[in-house]
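Adding 982 to a residue's 1-based position in the sequence shown gives its number in the working numbering.
Just so you know, even glycine gets a beta-carbon here, dropped at the ideal spot from N, CA and C.
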Amino acid sequence: MPYYRAVGEIPRKRHTVFRRPDGGIYAEELMGEEGFSSDSSLLYHRYLPSAIVKTEPADDAVAAAGTTENSPLAPRHFRTRDLASGGDLVAGRQLLAGNDDVWLSLAAVNQPSELYRNSVGDETVYLQSGSARFESTYGALEAGEGDYVTVPTGTIHRWVPHGDVTALVIEASGHIRPPRRYLSAYGQFLEHAPYCERDLRAPTQPWTVEGPEAEAATPVLVRTRGGLTRMTFAHHPFDVVGWDGCLYPYAFNIADFEPIVKRTHAPPPVHQTFEGPNFVICSFCPRPLDFHPDAVPIPYNHHNVDSDEFMYYVDGDYAARKGSGIGIGSVSLHPAGFTHGPQPGAVEDALGAQQTSETAVMIDTFRPLRLGDAGRACEDASYAWTWAR
């Protein structure tokens, strides 16, 4: 994260004695990225965060689902609303597409998850509908429709939905951050950035479990590159009394993204919201359309020769895709070997339009995406031929 926060109780000086009320010493836990040469936070626990009493393998339904090549090469349309619902936001992920850099899953869930730690990379969870409480060692966040919640690698957390929740889960092999071009050399958002520090919500107080639950042995599902393990801690890990630093979970709502408007159509980089290892996340939001008197206010046919384009349509009216079958809840996957653009007749219909109501989340990957079992299961097989109608 680009700026410093302090939450709860912390001592004046780092790595000095910080005593509990009973005279004992709080245990420090330094969470740091890139060999402690990048962002970090220092958390203070009532109990040792390293005390475990059992470890055992766990079933990995998501990894077991696997992926297959996008072959024969074709544009794809996934109707995610056709997927089954139920389960929780960790175990209930249904893999749509992925590669060695990022997994993209749909979760339509209604149950609390167990405690979870992803030690492979950061996660960004986009809530398309519903709301949930995100609980972690850093504290709790309330998340609702349109929120991106970014979870740093190694954070122990759980999701508690308030009813039905539909979310797109983006799991990286590394770290997800604001684009470097939006930040000063020292990490402050610059004036040209489409959002700023005021738009980010982070925990404001520790989420400290009390009573018998705090002292009970507590299992945590841990993902590493070797698979899933269920690790039982001697005490509940939500025993933090305070923390400070620049590494923590946070939420950002897509409605707080400030779109850039040009006289003629702007390319996707103006919508970039986050960057990860070999991929970017973009937010397409309601905005005034291009205002040149002869502007064509919808995308031109385009071919990003280095990227696969994965687009999740979450709200509004998609004028450029009218007649293709795309609607709310759809995902389109346009691979690097394919030129794509508006549907036949969409250019003529759009002339003179002044506003768009569409909201969509796009992930561009710089290595090809393979298709997940869930993507295959909800695919609209006729989509590839819709430009020829």
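Item	Value
Cβ-heavy atom distance, Gly-1112 to the ligand FAD, below 6 Å	Of ligands this structure carries none, so the ligand FAD is not represented either.
Run of the alpha helix (DSSP H) containing Arg-1342, from where it starts to where it stops	Before going on, a small fix: residue 1342 reads as Ala here, not Arg. First-last for Ala-1342: 1341–1347, but that is the beta strand (DSSP E), not the alpha helix (DSSP H).
N-terminal and C-terminal residue of the alpha helix (DSSP H) that Asp-1331 is part of	1328–1332
Cβ distance (whole Å) where Val-1191 is taken to contact Glu-991 below 8 Å	That belief does not hold up - the Cβ atoms of Val-1191 and Glu-991 are roughly 16 Å apart, past 8 Å.
The region 1166–1173 touching the region 1269–1288, judged by at least three CB pairs closer than 8 Å	no
Beta-carbon contacts of Leu-1030 that lie in its chain and below 7 Å, excluding the five residues immediately before and after	Ala-1009
Gln-1093 to Ala-1302 span [Cα, whole Å]	36 Å
Contacts around Lys-995, its chain only, beta-carbon distance under 7 Å, and the 5 residues preceding and following it disregarded	none
Which of helix, strand or coil DSSP assigns to Pro-1270	strand
Reference His-1247; option with closest CA among Met-1293, Arg-1212, Asn-1283	Asn-1283
Same chain, Cβ closer than 7 Å to Arg-1001, five either side skipped, listed in chain order	Ile-1007
Beta-carbon proximity check, Ser-1314 vs Met-1344, cutoff 7 Å	no
Reduced DSSP category for Thr-1368 - H, G, I as helix; E, B as strand; rest coil	helix
Cβ-Cβ distance between Thr-1106 and Ile-1138 below 7 Å	no
Three-state class that DSSP yields for Ala-1154 in the structure shown	strand
Option in Gln-1187, Leu-1229, Cys-1178 with minimal Cα separation from Gly-1022	Correcting the residue identity first, residue 1022 is Ser in this sequence and not Gly. For Ser-1022, the nearest C-alpha among the options comes from Leu-1229.
Supposed contact pair Glu-1240 and Tyr-1177 - C-beta distance, whole angstroms, cut 8 Å	6 Å
Residues that Ser-1314 bridges to, as DSSP identifies them	His-1059, Met-1293
Own chain partners of Val-1329 with C-beta closer than 7 Å, once the 5 adjacent residues on each side are dropped	Val-1278, Ile-1280
Length-filtered (3 minimum) beta strand (DSSP E) runs lying within the region 1168–1231	1200–1206, 1209–1215, 1222–1227
Length of the line joining the Cα atoms of Thr-1037 and Lys-1244	56 Å
For Asp-1064, the nearest candidate out of Ala-1043, Gly-1311, Glu-1016, Ser-1339 (CA to CA)	Gly-1311
Rounded separation between Asn-1286 and Pro-1317 - CA only	9 Å
Inter-residue CB distance, Val-1091 and Leu-1071 (contact presumed, cutoff 8 Å)	5 Å
Beta-carbon contacts of Pro-1231 that lie in its chain and below 8 Å, excluding the five residues immediately before and after	Phe-1116, Ser-1118, Tyr-1120, Leu-1123, Val-1131, Thr-1132, Val-1133, Pro-1134, Thr-1137, His-1139, Ala-1184, Pro-1185
With 16 other Cβ atoms within 10 Å as the buried cut-off, status of Phe-1215	buried
Contact set for Phe-1171: own chain, Cβ-Cβ below 8 Å, skip 5 residues either direction	Pro-984, Pro-1160, Tyr-1164, Leu-1165, Tyr-1177, Cys-1178, Glu-1179
Boundaries (first-last residue) of the beta strand (DSSP E) holding Asp-1129	1129–1133
The beta strand (DSSP E) enclosing Ala-1066, as first and last residue numbers	No beta strand (DSSP E) contains Ala-1066, which DSSP labels as neither H nor E.
According to DSSP, residues forming a beta bridge with Gly-1080	Trp-1085, Arg-1352
Coarse secondary structure for Arg-1163, derived from DSSP in three states	helix
Nonlocal neighbours in the same chain, by C-beta distance under 6 Å from Asp-1362, ignoring five residues either side	His-1059, Arg-1061, Gly-1307
Beta-carbon gap between Ala-1196 and His-1174 smaller than 7 Å	no
Cut-off 6 Å between Cβ atoms - residues of its own chain near Asn-1235, not counting five sequence neighbours on either side	Gly-1128, Asp-1129
Bridge-paired residues (DSSP) for Gln-1254	Cys-1264
Interface flag, Ala-1196 vs chain C, CB-CB below 7 Å	Among the chains in the structure shown there is no chain C, since it carries only a single protein chain.
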